[in-house]
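Worksheet: the structure to be examined is printed underneath.
In the working numbering, the protein residues as written are 34 to 531.
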């Protein structure tokens with residue numbers, strides 16, 4: 034533990050020194066780099082150091098420090114001083130941030146009403162005690178509840194007692210049994226992986242589209258995100274299942290009492306309640322509004338609709354979701370109060386989200402990141418590399434880079450602006466690098482200390498760190514192969530690859 038703490042301080046000190054050097058060094062002949070651009074670039078380097086190494090309890094004050102430094106950096110240059118506060122604070126008015134909060138409102142409703150637990154138990158009940166199908170259903174359950182829960186922690190917390198109960202019923206030794214290892218690792222990994230496929234499934238996804246909008250001016254709708262990512266994520270979830278089953282083949286085929294345990298848990302919930310029905314109606318309304326946009330129904334069909342429907346379907350994904358969520362707060366018939374919802378919103382992440390977007394806006398305004406990436410590429414002679422080599426490098430770094438971060442929201446804030454600047458510097462379509470990169474943001478599958486879902490199941494004693502590392506390191510190679518063999522042709526068919 035002491036070594037880990039020392040490592041954190043070394044990283045933060047090193048990045049602070051680099052940031053100080055960037056801020057103070059005159060960079061003679063640095064055409065295209067304004068004073069504000071230089072200072073904002075220094076803030077970015079410091080922010081990466083803080084987001085990589087700062088303990089979780091210090092991420093919020095670290096993000097506030099980044100926010101203050103962004104405003105100061107912009108204020109130091111007459112060209113950007115007038116809008117310094119507006120640019121630095123712009124992230125807190127971003128619709129993506131409020132989409133994240135809306136997601137937590139739905140998560141509260143699904144949890145409080147009991148609907149999420151019912152869905153999980155109904156699906157698990159289909160396995161009928163088979164270890165193979167129980168393991169498979171862990172992935173299916175994650176898929177089923179991902180759209181409603183923007184927190185991998187909440188999804189893991191929902192599954193944890195069910196899985197621990199099944200392992201206990203099986204009578205196997207936690208930490209030693211292959212079945213316990215397989216179900217624990219797959220539960221944590223699938224929780225993360227499937228979250229990449231639905232815009233509202235994890236905090237990092239709205240952050241990714243907001244960074245893309247601010248840095249490249251590209252809007253991505255709920256449906257477009259789903260189309261870009263979900264098929265790839267579905268394949269990854271299936272590949273992870275087969276890999277974990279191959280590495281840790283369960284020593285038992287049938288679990289005596291497993292089906293009875295799940296059935297008893299399901300019976301204890303009683304009949305479907307009115308709160309569950311209201312939650313389901315509200316969510317299905319939001320889902321329908323998210324799916325139905327111009328890109329799905331077609332421009333001609335859209336124009337033929339009544340004006341009121343055109344207005345509703347043309348709204349931002351957050352406003353559509355907010356419209357559908359209002360039923361959850363109706364007195365007497367509603368499911369949650371705002372006091373219920375605000376307790377589940379991670380306000381520290383809210384601060385990080387806004388600071389990251391403010392920094393991204395400042396980088397885009399001053400072009401500091403574009404300047405840095407261009408000069409690094411020229412210095413290393415990487416501009417001549419073929420697209421496939423750059424693509425492979427991005428995939429490799431975005432997957433294995435998780436070992437450096439303790440939250441992939443921070444990883445998104447640190448790395449995605451670099452991906453955009455890299456695409457610009459290489460004269461590539463931004464989405465050609467950004468979509469493969471943003472899809473991998475939630476793919477944290479190696480060490481438990483890098484991701485809470487794995488940490489939860491590891492903490493329950495289901496597997497040891499070396500077990501998840503064995504799976505995660507090998508799964509990275511599987512992902513690399515998938516991104517080439519399936520990802521390239523699929524994304525090329527969608528028109529986002531060169």
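Glycine included, each C-beta is placed from N, C-alpha and C at the ideal position.
Do residue i and residue j have their C-beta atoms closer together than 8 Å?
i           : j           : result
residue 120 : residue 398 : yes
residue 481 : residue 224 : no
residue 302 : residue 151 : yes
residue 261 : residue 199 : no
residue 104 : residue 117 : yes
residue 268 : residue 311 : no
residue 346 : residue 325 : yes
residue 216 : residue 196 : yes
residue 449 : residue 465 : no
residue 432 : residue 520 : no
residue 479 : residue 501 : yes
residue 391 : residue 93  : no
residue 351 : residue 128 : yes
residue 168 : residue 91  : no
residue 423 : residue 452 : no
residue 176 : residue 227 : yes
residue 74  : residue 51  : no
residue 507 : residue 213 : no
residue 287 : residue 163 : yes
Would you mind sorting residue i into buried or exposed? The rule is 16 or more other CB atoms within 10 Å of its CB.
i           : result
residue 253 : buried
residue 375 : exposed
residue 257 : buried
residue 221 : buried
residue 393 : buried
residue 274 : buried
residue 35  : In this prediction, residue 35 has a pLDDT of 43, which is less than 50 and means its spatial position is unreliable; what the coordinates show is noted afterwards. So residue 35 counts as exposed.
residue 522 : exposed
residue 284 : exposed
residue 42  : exposed
residue 309 : buried
residue 289 : exposed
residue 139 : buried
residue 331 : exposed
residue 341 : exposed
residue 81  : buried
For residue i, which option in the options has the closest C-alpha, if you only look at C-alpha atoms?
i           : options               : result
residue 76  : 39, 98, 369 and 243   : 98
residue 439 : 226, 79 and 84        : 84
residue 442 : 387, 78, 288 and 330  : 387
residue 68  : 502, 401, 505 and 415 : 401
residue 300 : 240, 57 and 155       : 155
residue 421 : 395, 344 and 456      : 456
residue 409 : 378, 458, 453 and 277 : 458
residue 135 : 232, 248, 285 and 518 : 232
residue 528 : 497, 71 and 461       : 461
residue 1   : 496, 429, 447 and 358 : With the chain represented from 34 up to 531, any question about residue 1 goes unanswered, as that position is not in the structure.
residue 304 : 146, 489 and 164      : 146
residue 250 : 494, 497, 507 and 463 : 463
residue 349 : 340, 322, 366 and 364 : 322
residue 525 : 491, 483 and 468      : 468
residue 190 : 491, 530 and 505      : 491
residue 396 : 517, 180, 179 and 247 : 247
residue 207 : 505, 497 and 504      : 497
residue 159 : 379, 354, 292 and 204 : 292
residue 109 : 46, 124, 194 and 72   : 72
Return the first residue and the last residue of the alpha helix (DSSP H) that residue i is part of.
i           : result
residue 151 : 148-158
residue 359 : Careful: residue 359 lies outside any alpha helix (DSSP H) and carries neither H nor E.
residue 165 : 164-179
residue 188 : 185-203
residue 407 : 401-413
residue 417 : Taken as a continuous stretch (DSSP letters only), residue 417 belongs to no alpha helix (DSSP H), as it is neither H nor E.
residue 440 : Where residue 440 is concerned, there is no enclosing alpha helix (DSSP H), given that its DSSP letter is neither H nor E.
residue 531 : Neither: residue 531 is in no alpha helix (DSSP H) and is coded neither H nor E.
residue 228 : 211-228
residue 304 : Run containing residue 304: none; DSSP gives neither H nor E here.
residue 123 : Premise fails: residue 123 is in no alpha helix (DSSP H) and is neither H nor E.
residue 270 : 255-280
residue 246 : 237-249
residue 113 : 111-114
- Item | alpha helix (DSSP H) runs wholly inside the region 472-521, at least 4 long, in chain order | 485-492 and 498-515
- Query: Whole alpha helix (DSSP H) runs in the region 306-380 with 4 or more residues, listed along the chain?
  - Reply: 307-324, 327-330, 332-336, 340-346, 350-358 and 371-377
- Minimum length 4: unbroken alpha helix (DSSP H) runs contained in the region 66-97: 68-86
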